[in-house]
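A.B. asks: The listed protein sequences correspond, in order, to chains A and B. What the first sequence shows, in this note's numbering, is residues 3 to 221, in sequence order. What the second sequence shows, in this note's numbering, is residues 164 to 763, in sequence order. Heads up, the beta-carbon is just placed ideally off N, CA and C, and yes, glycines get one too. Below: one structure in structure tokens.
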Amino acid sequence: MSIFHQLLAKPWVTAQARIDDFHVGGTFFLSPAKLGLRVFLAVVTVLFTLLIFAYGMRMELEVWRPTPQVSLLWLNTVLLVLSSSAMQWALFSARRHEIDGVWIGLLAGGFFAIAFLGGQIMAWRQLDSLVGFNITNPAIGFFFLITALHGLHLLGGLVALGRATTKVWRGFDVAPVRLSVELCTTYWHYLLLVWLVLFGLLFSGNDSLGILLSICGLR
Amino acid sequence: MTDVTPETTSYLAPAEVEDVELYHPKSFVTKYIWSQDAKVIAIQYAVTAIAIGLVALVLSWMMRLQLGFPDTFSFISPEAYLQLITMHGMIMVIYLLTALFLGGFGNYLIPLMVGARDMVFPYVNMLSYWVYLLAVLVLVASFFVPGGSTGAGWTLYPPQAILAGTPGQSYGIILMLASLALFIIGFTMGGLNYVVTVLQARTRGMTLMRMPLTVWGIFVATILALLAFPALFVGAVMMMFDRLLGTSFFMPQIVEFGESLKYGGGSPILFQHLFWFFGHPEVYIVALPGFGIVSDLLSVHARKNIFGYRMMVWAIVVIGGLSFVVWAHHMYVSGMNPYFGFFFATSTLIIAVPTAIKVYNWVLTLWRGNIHLTLPMLFAIAFIITFVNGGITGLFLGNVVVDVPLSDTMFVVAHFHMVMGVAPILVIFGAIYHWYPLMSGRMLNQAMGHFHFWVTFIGAYLIYFPMHYLGFIGVPRRYYAIGETEFIPLSAATLNEFITVAALIVGLAQVVFIFNLVWSLFKGEKSVKNPWRATSLEWQTPQMPPAHGNWGKELPVVYRWAYDYSVPGAAEDFLPQNLAPDQVAIAKGHEASGVRAAAT
Chain A
3 MSIFHQLLAK PWVTAQARID DFHVGGTFFL SPAKLGLRVF LAVVTVLFTL LIFAYGMRME
63 LEVWRPTPQV SLLWLNTVLL VLSSSAMQWA LFSARRHEID GVWIGLLAGG FFAIAFLGGQ
123 IMAWRQLDSL VGFNITNPAI GFFFLITALH GLHLLGGLVA LGRATTKVWR GFDVAPVRLS
183 VELCTTYWHY LLLVWLVLFG LLFSGNDSLG ILLSICGLR
Chain B
164 MTDVTPETTS YLAPAEVEDV ELYHPKSFVT KYIWSQDAKV IAIQYAVTAI AIGLVALVLS
224 WMMRLQLGFP DTFSFISPEA YLQLITMHGM IMVIYLLTAL FLGGFGNYLI PLMVGARDMV
284 FPYVNMLSYW VYLLAVLVLV ASFFVPGGST GAGWTLYPPQ AILAGTPGQS YGIILMLASL
344 ALFIIGFTMG GLNYVVTVLQ ARTRGMTLMR MPLTVWGIFV ATILALLAFP ALFVGAVMMM
404 FDRLLGTSFF MPQIVEFGES LKYGGGSPIL FQHLFWFFGH PEVYIVALPG FGIVSDLLSV
464 HARKNIFGYR MMVWAIVVIG GLSFVVWAHH MYVSGMNPYF GFFFATSTLI IAVPTAIKVY
524 NWVLTLWRGN IHLTLPMLFA IAFIITFVNG GITGLFLGNV VVDVPLSDTM FVVAHFHMVM
584 GVAPILVIFG AIYHWYPLMS GRMLNQAMGH FHFWVTFIGA YLIYFPMHYL GFIGVPRRYY
644 AIGETEFIPL SAATLNEFIT VAALIVGLAQ VVFIFNLVWS LFKGEKSVKN PWRATSLEWQ
704 TPQMPPAHGN WGKELPVVYR WAYDYSVPGA AEDFLPQNLA PDQVAIAKGH EASGVRAAAT
């Protein structure tokens with residue numbers, strides 16, 4: 003029964019009480035951990051959406067100077083795609099009960115994620131050393147802020163990944179590790195998606211957000 | 164009301180209900196300090212919130228002393244006055260009300276009311292409290308750093324919030340922003356628990372529509388908070404960047420004493436949008452748990468089912484949704500496009516519809532109820548009156564043409580204190596008088612309680628009714644002293660003195676309340692089990708106060724909604740949610756006829 007359907011129930015009616023008496027379990031067919039992660043991802047989505055809105059709003063005000071191009075971001079994007087793919091590999095392996103594959107997938111996922119973070123720091127430095135760098139330019143401020151927040155989320159994910167990897171290292175069976183791997187993989191794919199949206203809209207140098215705003219009639 | 168005849172469903176085994184693995188504390192430290200038990204965490208939240216709330220109460224006294232008797236207290240400088248306003252507002256709204264409703268009542272009541280052993284992520288729940296405590300400590304630290312706490316106003320509007328000349332510009336504002344960010348991180352940890360526990364950890368038979376409205380209120384308010392707090396988080400972090408790293412998100416080109424500052428190109432309005440995208444839902448984050456709790460208090464103490472339960476649930480959900488599309492009614496004077504003003508005025512007025520439905524339903528619940536004027540009931544009725552008062556002045560302020568002249572006057576102060584200060588606090592008091600026996604096993608002292616109620620209720624009106632008038636005649640808010648102003652009569656000063664005296668007395672009544680809380684813990688009359696004869700699950704635990712794990716060996720099974728009061732034909736005037744139909748005692752004279760409920 004959908005959640006909207008449930009809201010229509012009249013709990014005081016005897017016929018409804020007979021149905022309700024047999025209600026068992028949660029509202030969704032999900033483990034609490036999976037639902038918890040989804041709720042958290044909803045919160046993070048709001049966070050980044052607000053940042054994109056703020057970016058867009060600022061673009062429309064006064065003189066707007068876009069962020070200078072940092073080509074390293076393309077390489078970083080590839081690293082994050084590789085990290086996410088490795089996590090997917092770990093998940094496939096967990097489903098096939100291949101503990102070695104889980105091990106390799108998690109380690110590779112972690113390695114590429116750390117490489118991505120290193121790449122982002124290098125991108126900061128590149129930007130910093132560019133001629134015309136001016137911290138008061140809001141576009142540059144947004145670049146630092148948004149990449150830092152995205153990086154912090156990935157860093158938090160690395161803590162969870164570290165815990166899952168430790169479980170595998172200690173010789174846990176695949177079954178108890180599987181949930182951790184599933185959660186980490188979902189989180190990784192999500193952060194990749196967020197990065198692709200942020201990179202595509204704000205930092206790829208194509209003025210994608212400006213075009214989107216024009217399409218929506220806001221520019 | 165459900166059928167009370169034994170012919171319907173008989174005993175249902177709870178075997179299929181998934182149980183949670185609990186952390187069992189082994190020492191004093193893990194039981195009461197680093198506790199993972201939601202009930203202990205709730206009390207930790209409540210004690211911390213009330214403690215910091217008392218600090219904010221003292222700050223308000225000092226503000227009132229200055230307004231009532233200007234040029235009398237040398238220790239209240241103009242800068243200090245701004246700091247008092249800022250810290251009083253921020254503490255009351257965020258660190259007291261939000262934390263107490265969601266962290267306090269949410270933690271205590273959700274698992275018990277839905278029939279769970281604990282929250283679904285107890286460890287994260289524990290972290291939530293400790294991060295909240297850290298946020299409070301960081302905030303308190305700002306009183307003691309050089310320059311003192313920030314005096315930017317609780318809305319922290321840039322550019323003045325981080326410019327020289329605003330008190331606390333050096334460290335106070337940094338600590339305030341850091342504290343807010345910490346609070347939001349801590350709340351998100353707790354909020355995930357509240358939402359997932361309500362959705363996934365309900366016991367057998369506990370459908371969503373069998374949940375008490377208290378849980379509905381806290382649940383929807385938590386969702387609002389989870390979606391609204393990121394806006395404040397983003398705003399706080401961006402302002403922190405502006406202050407510490409020299410970015411210009413919110414800082415335009417500024418010339419100070421003939422010199423151009425390092426900032427340029429930022430938009431102060433952007434902060435206002437972010438702040439109020441959080442700020443308006445925040446009103447409902449505080450109000451919705453209050454709505455839910457007051458519904459339950461009215462039903463229990465009027466011995467009657469809540470009128471229009473479904474409508475009450477829908478109203479909570481609709482108010483929650485609408486609260487995200489009204490934020491800019493706080494910004495009518497910011498120079499925004501008049502069409503926006505029209506849109507936001509309309510959405511603001513629409514929100515009055517579900518709110519009015521709730522008020523009608525509360526009153527209709529009382530209609531022909533068996534009203535017991537207990538302390539929780541007194542506070543609940545006082546809430547309805549106060550909320551209607553504050554809500555109606557909100558209709559005035561929601562209209563652009565009325566808001567523009569009144570926006571910077573004491574009328575606004577009176578309005579928001581009535582609707583989101585006094586009203587929610589009255590619910591909190593009612594809730595504490597109601598659930599104190601459950602939490603402590605003892606009743607609160609009645610005489611002290613009545614003193615507390617009447618002084619608080621009447622006193623609040625003595626403070627805020629005259630304040631509306633002050634606003635009408637043009638007394639501005641946020642001013643340290645108005646001095647001799649042509650259009651303000653001298654009687655305004657007398658009225659200010661009167662308000663100050665009333666505020667001091669109401670504040671002292673809260674000291675009596677705190678004393679009652681502590682005194683009753685040791686000397687209060689011992690409570691019988693379920694003293695209010697309530698139906699909801701929190702009163703049906705094997706022990707009172709509930710033990711670790713809440714329930715005995717088996718989780719309760721729910722057979723009815725939470726409002727089976729005065730069911731026709733039943734011997735008792737309440738049927739607990741976990742009472743099986745075949746265990747319902749039938750009243751004399753109804754055995755032969757096969758009792759049926761009338762209201763189906």
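Whole angstroms is fine: what's the gap from residue 591 of chain B's alpha carbon to residue 206 of chain B's?
C.D. replies: About 14 Å.
A.B. asks: Is the separation between the beta-carbon of residue 733 of chain B and that of residue 721 of chain B shorter than 8 Å?
C.D. replies: It is not a contact, given that the beta carbons lie outside the stated cut-off.
A.B. asks: Using the beta-carbon count (16 or more within 10 Å), is residue 73 of chain A buried or exposed?
C.D. replies: Classification for residue 73 of chain A: exposed.
A.B. asks: Excluding five sequence neighbours on each side, which residues of the same chain lie with their C-beta closer than 6 Å to the C-beta of residue 705 of chain B?
C.D. replies: Here the set comprises 715.
A.B. asks: Mark residue 502 of chain B as exposed unless 16 or more other C-beta atoms lie within 10 angstroms of its C-beta, in which case mark it buried.
C.D. replies: By the neighbour-count rule (16 or more Cβ atoms within 10 Å), residue 502 of chain B is not buried but exposed.
A.B. asks: What residues from the segment 423–443 of chain B come within 9 Å of chain A, judged by C-beta to C-beta, listed N to C?
C.D. replies: Hits within the stretch, in order: 425, 426, 427, 428, 429, 430, 432, 433, 436, 437 and 440.
A.B. asks: Within 10 angstroms of its Cβ, does residue 408 of chain B collect 16 or more other Cβ (buried), or is it exposed?
C.D. replies: By the neighbour-count rule (16 or more Cβ atoms within 10 Å), residue 408 of chain B is not buried but exposed.
A.B. asks: From residue 753 of chain B to residue 21 of chain A, what distance separates their C-alpha atoms?
C.D. replies: Taking the straight line joining both Cα atoms gives about 26 Å.
A.B. asks: What's the C-alpha gap between residue 19 of chain A and residue 368 of chain B?
C.D. replies: Between residue 19 of chain A and residue 368 of chain B, the C-alpha separation is close to 9 Å.
A.B. asks: Taking any Cβ of chain A, which residues in the segment 471–482 of chain B have a Cβ under 9 Å from it, in chain order?
C.D. replies: Taking 9 Å as the Cβ-Cβ cut-off against chain A, the residues of the segment 471–482 of chain B that qualify are 472, 473, 476, 477 and 480.
A.B. asks: Taking only runs of the alpha helix (DSSP H) that begin and end inside the segment 482–538 of chain B, which ones reach a length of at least 4 residues, in chain order?
C.D. replies: Runs found: 501–513 and 515–529.
A.B. asks: Which residue comes first and which comes last in the alpha helix (DSSP H) that contains residue 379 of chain B?
C.D. replies: First-last of the alpha helix (DSSP H) with residue 379 of chain B: 376–407.
A.B. asks: Among B:292, B:325, B:310 and B:319, whose alpha-carbon lies nearest the alpha-carbon of residue 346 of chain B?
C.D. replies: The option with the nearest alpha carbon to residue 346 of chain B is B:292.
A.B. asks: Under 8 Å, Cβ to Cβ, is there at least one residue of chain A near residue 731 of chain B?
C.D. replies: No, residue 731 of chain B does not count as interfacial toward chain A.
A.B. asks: Residues of the segment 233–246 of chain B in Cβ contact with chain A at a cutoff of 8 Å, in chain order, please.
C.D. replies: So nothing in the stretch comes that close.
A.B. asks: Please report how far the alpha carbon of residue 687 of chain B lies from the alpha carbon of residue 606 of chain B, in whole angstroms.
C.D. replies: Those two C-alpha atoms are separated by around 6 Å.
A.B. asks: Per DSSP, which residues does residue 147 of chain B bridge with? Please list them.
C.D. replies: Residue 147 of chain B falls outside the range modelled here, since chain B spans only 164 to 763, and no answer is possible.
A.B. asks: Fully enclosed by the segment 27–109 of chain A, which beta strand (DSSP E) runs are 3 residues long or longer?
C.D. replies: Fully enclosed beta strand (DSSP E) runs of 3 or longer: not present.
A.B. asks: Count the other CB atoms within 10 Å of the CB of residue 580 of chain B; is the residue buried (16 or more) or exposed (fewer)?
C.D. replies: With 16 or more Cβ atoms within 10 Å of its Cβ, residue 580 of chain B is classed as buried.
A.B. asks: Out of B:649, B:542 and B:382, state which residue places its alpha-carbon closest to the alpha-carbon of residue 41 of chain A.
C.D. replies: Ranking the options by Cα distance to residue 41 of chain A, first place goes to B:382.
A.B. asks: For residue 692 of chain B, report the span of its alpha helix (DSSP H) as first-last.
C.D. replies: Note, residue 692 of chain B: premise wrong, no alpha helix (DSSP H); not H, not E.
A.B. asks: Give the straight-line distance between the Cα atoms of residue 390 of chain B and residue 731 of chain B, rounded to the nearest whole angstrom.
C.D. replies: Taking the straight line joining both Cα atoms gives about 44 Å.
A.B. asks: Can you list, in chain order, the residues of the segment 52–75 of chain A whose Cβ is nearer than 9 Å to any Cβ on chain B?
C.D. replies: Correct list: 52, 53, 55, 56, 59, 60, 63, 64, 65, 66 and 67.
A.B. asks: Give a yes or no on whether 8 Å exceeds the smallest Cβ distance from residue 11 of chain A to chain B.
C.D. replies: Yes - at least one Cβ of chain B is within 8 Å of the one on residue 11 of chain A.
A.B. asks: Is the CB of residue 22 of chain A under 8 Å away from at least one CB in chain B?
C.D. replies: At least one chain B Cβ lies under 8 Å of residue 22 of chain A.
A.B. asks: How is residue 476 of chain B classed by DSSP in three states: helix, strand or coil?
C.D. replies: Correct three-state label for residue 476 of chain B: helix.
A.B. asks: Go ahead and label residue 220 of chain A buried or exposed: buried means 16 or more other beta carbons lie within 10 angstroms of its beta carbon, across all protein chains shown.
C.D. replies: Looking at its Cβ environment, which holds fewer than 16 other Cβ atoms inside 10 Å, residue 220 of chain A is exposed.
A.B. asks: Report yes if the CB atom of residue 546 of chain B is closer than 8 Å to the CB atom of residue 457 of chain B, and no otherwise.
C.D. replies: For residue 546 of chain B and residue 457 of chain B, yes; Cβs fall inside 8 Å.
A.B. asks: I'd like to know whether the C-beta atoms of residue 596 of chain B and residue 542 of chain B end up nearer to each other than 8 Å.
C.D. replies: Yes, the Cβ-Cβ distance between residue 596 of chain B and residue 542 of chain B is below 8 Å.
A.B. asks: How many Å lie between residue 603 of chain B and residue 88 of chain A at the Cα?
C.D. replies: Taking the straight line joining both Cα atoms gives about 53 Å.
A.B. asks: According to the neighbour-count rule (16 or more other Cβ atoms, all chains shown, within 10 Å of its Cβ), is residue 184 of chain A buried or exposed?
C.D. replies: Result: buried.
A.B. asks: Would residue 180 of chain B count as contacting chain A if we go by Cβ distances under 8 Å?
C.D. replies: Confidence at residue 180 of chain B is low in this model, with a pLDDT of 49, below 50, so the placement of that residue should be treated as unreliable; the coordinate-derived value is given next. Output row for residue 180 of chain B: interface = yes.
A.B. asks: Closer than 7 Å, Cβ to any Cβ of chain A: which residues of the segment 703–722 of chain B, in chain order?
C.D. replies: Answer in chain order: 722.
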